[in-house]
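Residue numbers (our numbering), protein chains in the order written: chain A, 26 to 386; chain B, 343 to 739.
Even for Gly, the Cβ is constructed at its ideal location relative to N, Cα and C.
Computed from a predicted structure; not experimentally measured.
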Amino acid sequence: MASISISKVNKYFGNTHVIKDVSLDIKSESFTVLVGPSGCGKSTILRMIAGLEEINSGTISIDDKIVNDLPPKERNIAMVFQSYALYPHMTVFDNMAFGLKIEKKSKEEIEQRVMEAAKILQIEEYLKRKPKQLSGGQRQRVAIGRAITRKPKVFLFDEPLSNLDAALRVQMRVELAKLHDQLNATMIYVTHDQTEAMTLANDIVVLDHGIVSQNGTPMNLYNNPENLFVGGFIGSPKMNFIDSKVLSKNSESTEVDVMGSGKLIVPKISLNIQEGDAVKIGVRPEHLILNDKSGALWESKVFVVEKLGSGTYLYLEKQGDPLVVQTDGDTDIKVGDTIKIGFDASRCHLFESNGNSFKSI
Amino acid sequence: MKVKNLLTYCLISSLFLFLLISIWKILVTLQGIVLTNFNFNNLYIFGIVLSLLNLLIGKKFNLNVKVIILSFTFTIFDFFISVNLPIWYSFGIFLVSVFFFNTIKNYDKIFLSKNHSSQQLFFKFLTFFGITLFSFVILFPFYMMLITSFKTQALLLINPLDFSINFTKGIPELFKSYLIVFKDYNFGKYMLTSTIVSLGTVIITLVFAIPAAYAVARLNFFGKNFISTSILIIYLFPAIVLVIPLYTIFSQLGLRNSIEGLLIVYTATTLPVAIYMLQGYFKSIPKELEEAGIIDGQNWLGIILKIILPLSLPAISSVALYVFMIAWNEFLFSLMFLDRPNSFTLSRAIQFLNIGAETPRQYLMAGSVVVTLPILIIFVYFEKYLVSGLTAGSVKG
């Protein structure tokens with residue numbers, strides 16, 4: 026299939042600099058997810074790859090061929106829109122055959138390709154219907170089918186699941202993953218939902234204000250966030266941040282203070298940090314240890330208990346944002362209880378005041 | 343039951359009955375019947391009494407039976423207070439009262455004891471008043487026109503205010519004026535000219551308006567905002583201001599008395615509104631549809647022809663209808679620019695008929711019916727295209 030290379034791309038909307046010197050390499054046959062909060066430029070990057078948006082500087086190449094000035098149809102890509110963008114006046118079959126008809130394919134080939142795509146997506150029985158006679162999930166399938174029939178080198182998905190309800194979203198997520206395995210195509214997927222990113226991607230690109238914050242495999246991003254933004258963005262519920270300061274440091278670890286009630290020796294280092302500097306401890310709710318008798322460092326009152334069945338989230342009072350702790354589903358901790366918290370130092374992250382993370386040794 | 347609700351109910355409902363009866367009486371007078379006494383006071387009071395009776399009966403027995411009984415009572419009452427009137431007059435009264443009692447049959451004491459009943463009553467009857475009154479105002483002249491066109495010169499001279507139709511003389515005699523209008527006054531040719539001019543205007547306007555509206559709605563170019571806001575500026579100039587300079591120019595260019603000249607003027611006057619209407623609709627079509635078309639490999643023209651146009655069919659047909667009506671009915675420019683009968687349009691031809699004092703009035707009216715009828719038929723046919731909601735299902739809404 027096709028690899029995509031984006032090099033030093035800049036984009037302005039009027040005076041707003043939305044994409045700032047972004048460089049990215051997307052491997053052939055990978056499933057790359059661009060993720061970030063609204064307005065971070067992820068859709069713009071996708072639209073630039075598609076050719077719907079012009080680039081102010083830099084290059085985009087597909088298979089080592091610079092495509093900056095090629096119109097979308099010559100880039101051999103297909104795009105699935107958030108709003109489906111099905112042609113309402115055409116039947117499902119015509120929607121899926123539209124691109125092929127423009128390419129002047131023979132009738133038999135069009136028929137065969139549409140049926141093939143319909144079979145993959147299990148929409149054969151709807152081919153004669155109009156889009157308005159379909160449910161949201163079916164419409165999105167047709168939109169994906171329209172992309173598949175053209176056998177493009179690259180599939181672009183612009184938040185394709187965000188108009189679906191929660192149950193359908195999970196189902197379509199699984200189907201998209203299956204589809205990627207079946208088609209072996211390069212897929213680029215834009216979403217603001219980090220769960221979708223974690224579950225679907227081979228590679229996640231986290232974007233923040235028009236720059237690439239971090240780029241890597243889902244587990245790499247989860248385990249080794251390079252900065253505060255990625256740490257906070259990946260993972261649900263989000264990572265807890267605790268203001269702290271460095272007590273001492275050596276070549277293997279850094280000793281930090283935990284809210285004045287204890288010390289923690291974290292096996293991470295940074296060369297830019299001196300003793301006494303302000304840092305942030307980042308620790309995920311699932312890595313806090315509850316009622317840890319030996320290593321308990323801190324205690325506080327529970328003010329919200331969220332029971333999910335498979336687990337329970339406890340919100341503890343703390344200066345600033347509350348501290349979220351994940352524990353068993355059948356815990357009997359109630360609102361108002363005071364609980365002790367222990368920290369697993371090896372799973373804690375440290376961030377400098379400029380947001381960069383400490384390195385593991 | 344609240345006093346306010348009760349009063350509103352009695353006054354408004356019998357006022358409505360009163361209005362209906364009055365309209366019927368006016369129509370009856372036009373049929374040549376002389377009403378010596380209108381009996382409005384008696385009818386109004388009896389209307390209130392029957393409305394109250396309707397309220398008291400409520401839903402105690404079958405509503406349709408109630409409607410028939412009340413209507414019959416009213417008709418009998420009217421029959422006795424008005425003297426020497428034909429039976430079809432009373433039958434009309436009966437139909438009018440059936441319509442009236444049918445609208446109020448659902449009201450009972452329980453309804454009137456609710457808080458918002460008087461508002462509900464008020465707005466319901468306001469709608470009825472509006473519909474009845476305005477349909478009468480609109481339809482009556484048309485009725486007059488139609489009736490006059492079926493008359494003979496002699497009948498018109500005997501009693502110009504007799505609006506009845508005499509069916510006894512047979513169809514050919516009835517449509518005599520139409521035959522004469524087409525045979526002697528050449529209306530067939532005028533109709534053809536009008537059709538050519540109107541259809542031509544529609545086609546030329548759409549050919550220019552669709553790309554222009556698309557450009558204003560979607561493309562970014564220098565001065566776009568100025569253009570999109572200044573489209574309607576032409577309407578700051580009344581036609582009468584433009585007509586004299588245009589007359590001089592057209593005279594010099596030899597465009598007077600020509601269909602081409604009319605096409606130019608009509609297109610120029612309808613284009614702005616056409617662009618304005620279309621661009622509003624084009625803007626409402628989701629941009630993603632076009633982007634999907636671009637990704638599918640469609641070029642700019644293909645997107646307009648295969649995506650925008652099919653989706654804009656309701657807007658385009660209403661614009662076409664609007665332009666057609668303007669061109670068909672236009673009078674000022676055709677009066678100024680056309681002075682040879684062989685290039686007349688229908689509206690100009692009617693005015694030409696009217697000039698000679700010797701032209702009988704029934705021909706004039708027959709001509710007017712000929713002018714109006716095509717528009718009516720076209721409107722009824724096109725109406726089904728004027729439904730919106732064609733974009734339903736394309737995007738999540």
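Under the 8 angstroms criterion on CB atoms, B/Ala559 is classed as non-interfacial with respect to chain A. Between A/Leu253 and A/Lys305, the gap from beta carbon to beta carbon is short of 8 angstroms. Here A/Val291 has Ser278, Thr279, Val281, Ala370, Cys373, Leu375 as same chain residues with Cβ atoms under 7 angstroms from its own Cβ, once five neighbours each way along the sequence are excluded. For B/Gly709, the uninterrupted alpha helix (DSSP H) segment begins and ends at 703 to 724. DSSP, reduced to helix, strand and coil, places A/Ala168 within a helical segment of the structure shown. Shown here for B/Thr371: same chain residues with a beta carbon closer than 7 angstroms to its own, the five before and five after excluded, namely Leu377 in chain order.
Interface annotation, A/Phe38: not in contact with chain B, CB-CB separation never under 8 angstroms. Using a Cβ-Cβ cut-off of 8 angstroms, A/Glu128 is close to Gly639 of chain B, given in chain order. Taking a C-beta distance under 8 angstroms as the contact criterion, B/Phe453 and B/Ser355 do not qualify as a contact pair. When CB distances to chain A are screened at a threshold of 9 angstroms, the residues of the stretch 632 to 662 of chain B falling below it are Glu632, Glu633, Ala634, Gly635, Ile636, Ile637, Asp638, Gly639, Gln640, Asn641, Gly644, Lys648, Ile649, Pro652, Leu653, Leu655, in chain order.
If you compare the alpha carbons of B/Tyr485, B/Cys352, B/Ser455, B/Thr490 with that of B/Ala708, the shortest gap goes to B/Thr490.
Interface with chain A (8 angstroms Cβ-Cβ cutoff): B/Glu630 is included. Chain B places a beta carbon closer than 8 angstroms to that of A/Pro97, counting this residue as a contact. B/Asn444 is the residue among B/Thr474, B/Ile429, B/Gln640, B/Asn444 whose C-alpha sits nearest the C-alpha of B/Leu412.
Cβ-Cβ separation between B/Ser455 and B/Lys346: approximately 11 angstroms, too far for a contact (criterion under 8 angstroms). For B/Leu534, the closest alpha carbon among the candidates B/Lys629, B/Leu688, B/Asp638, B/Gln462 is that of B/Leu688. Straight through space, the alpha carbons of B/Ile390 and B/Leu353 are spaced by roughly 7 angstroms. Collapsing the DSSP output to three states places A/Leu159 in coil.
With a cutoff of 8 angstroms on beta-carbon distance, A/Gly334 and A/Gly361 are scored as not near each other.
Between A/Leu181 and A/Leu322, the C-beta gap is not smaller than 8 angstroms, which leaves the two residues out of contact.
Closest by C-alpha distance to A/Ser325, out of A/Asp302, A/Val350, A/Met223, A/Ala303, is A/Val350.
Contact between A/Pro113 and A/Pro156 is confirmed by a C-beta separation of about 5 angstroms, below the 8 angstroms threshold. Distance between B/Ser459 and B/Leu475, taken at the CA atoms: about 24 angstroms. Only exposed fits B/Arg682, as fewer than 16 other CB atoms lie within 10 angstroms of its CB.
Under the three-state reduction of DSSP, A/Ile290 is assigned to strand.
Under DSSP, A/Gln351 forms a beta bridge with A/Tyr338.
Apart from the 5 residues on each side of it in sequence, A/Ser30 sits with its Cβ closer than 7 angstroms to the Cβ of Asp50, Ser86 in its chain, given in chain order. One Cα belongs to A/Gly301, the other to A/Leu313, and the distance between them is close to 25 angstroms.
Taking A/Asn101 as the centre and dropping the five residues before and after it, the same chain places the C-beta of Ala27, Ile87, Pro177, Lys178, Val179 closer than 8 angstroms to its C-beta, in chain order. Contact annotation, A/Phe368 with A/Val271: C-beta distance approximately 16 angstroms; criterion of less than 8 angstroms not satisfied. Out of A/Ser273, A/Gln299, A/Ala303, the CA that lies nearest to the CA of A/Leu289 is found in A/Ser273. Shortest Cα-Cα distance from B/Ser685 to any of B/Val539, B/Leu488, B/Ile617 involves B/Val539.
Looking at the DSSP output, A/Gln239 shares a beta bridge with A/Val231. When rounded, the separation of the alpha-carbon atoms in B/Gln693 and B/Met678 is 12 angstroms.
Neighbours of A/Ala192 in chain B, taken as residues at a C-beta separation under 8 angstroms, are lacking, since the least C-beta distance is about 16 angstroms.
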